[in-house]
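A quick write-up on the structure given underneath.
Structure below.
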């Protein structure tokens, strides 16, 4: 804010005139200069106090920001570690389940092959009983094709 020099000067003039004359213009100027210096001193103090307050606020804001950042980084790191552990456990569980299913698949394939072999053997045995033996049966001789020669 600007110092109200004119207003104070008018007040001093009116006070001096009321007290008895213009001979005290030097005292008036000294009073005005004193008031100006006093105002500048007060203004400087107020500015310095405001700057100190602002710096303190800036330091507190910086500290709060750093604390918040550290807290967020820690929580993010914790969440990341938890996720990594979870993924590792899921991978391990999946590998175990995969091995179990492969072993079960191999057992079922072995069982299927043994069942197919038993079925094939049973079919052959059943087929041997149902079909008569062709022992000693003669084939018809083949007819010779004429070649056009006599």
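In the UniProt record's numbering, the protein residues as written are 1 to 150. By construction, the Cβ of each residue, glycine as well, lies at the ideal position given by its N, Cα and C atoms.
In this structure, the straight-line span from the alpha carbon of residue 117 to that of residue 99 is close to 27 Å. Judged by their CB atoms, residue 9 and residue 32 are nearer to each other than the 8 Å cut-off. CA-to-CA, the gap between residue 85 and residue 73 works out to about 18 Å.
A direct Cα-Cα distance of roughly 15 Å separates residue 105 from residue 115.
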